[in-house]
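>
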Amino acid sequence: MYMKLMSYALVLLLTSYVKAQNPVTYIEEQVSFLADDRLEGRATGSKGEEIAANYIAGQFAAAGLQPAGENKGFFQVFDFAAGKQASNSNYVEVPGVTIVKGNPIYFSGSGKVTAPLVSVGYGITAMELNYDDYEGIDVQGKIVCMQLSTPEGTHPHTKFLDYADERSKVARAMEAGAVAVLFYNTDENYTTDQLLD
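In short: position in the sequence shown from 1, add 1, done, that's this note's numbering.
1) Tell me which same chain residues have a C-beta within less than 7 angstroms of the C-beta of P152, skipping the five on either side of it?
2) Can you name, in chain order, every residue of its own chain whose Cβ lies under 8 angstroms from the Cβ of G74, other than the five neighbours on each side?
3) Return helix, strand or coil for D80, following the three-state DSSP convention.
4) If we ignore side chains and look at the alpha-carbon of each, how far apart do E199 and Q77 end up?
5) To the nearest angstrom, how far is the alpha carbon of G178 from that of E167?
6) So for T45, helix, strand or coil by DSSP?
7) Under 9 angstroms between the Cβ atoms of D1 and I144?
8) Using only the alpha-carbon positions, how far apart do L130 and Y27 sit?
9) Quick check on this structure: which residue in N23, S120 and G137 has the alpha carbon closest to the alpha carbon of K170?
10) Which residue from E29, V114, Y164 and G154 puts its Cα closest to that of V182?
Shown next as structure tokens:
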């Protein structure tokens, strides 16, 4: 299938010159190819993403653009975290009760932790906003429980936007001496594929 899609991409590339006189047809073909389900949503690291990237690089070259990427190409190489899979070992147990397993966040570590729990609200410290969920709370050697979202909810205009992502919250917890972080969600507008089955 990979070679078939690459061949289709090359055919589109070569025929784009012929169809260039009809910009509507040209654009429809470009969007149709890049949005095709066979490209797997062009998810980062997928074969579909590789096909789409090579196709777009070919379009750039055909348009006469000068490459400015690595190795005199159109690409810039970078590392990314591809996620972690939930397993039967992803669970929380409170004396006498096993809580439904959850999904690890893509930057999670592996291990077992037994420690007291402490709640830190949203887990945000924003000194310039005169806000600190950790004020007066000792989290050293403890598991911190924190809400996803922010005190103002989830929207792009919250003053807490720079502190709302999970990575920043985990970094702050580790800096304060926590040994693990458990997120919970009370904001119906906050969703994350990494935390929900």
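Using N, Cα and C, we set each Cβ at its ideal position, and we do this for glycine too.
The relevant details are as follows:
1) Y123 and F161
2) A58 and P68
3) coil
4) This structure cannot settle anything about residue 199, because the visible part of the chain is limited to 2 through 198.
5) 17 angstroms
6) coil
7) Past the edges of the chain, shown from 2 to 198, lies residue 1, and the structure says nothing about it.
8) 50 angstroms
9) S120
10) V114
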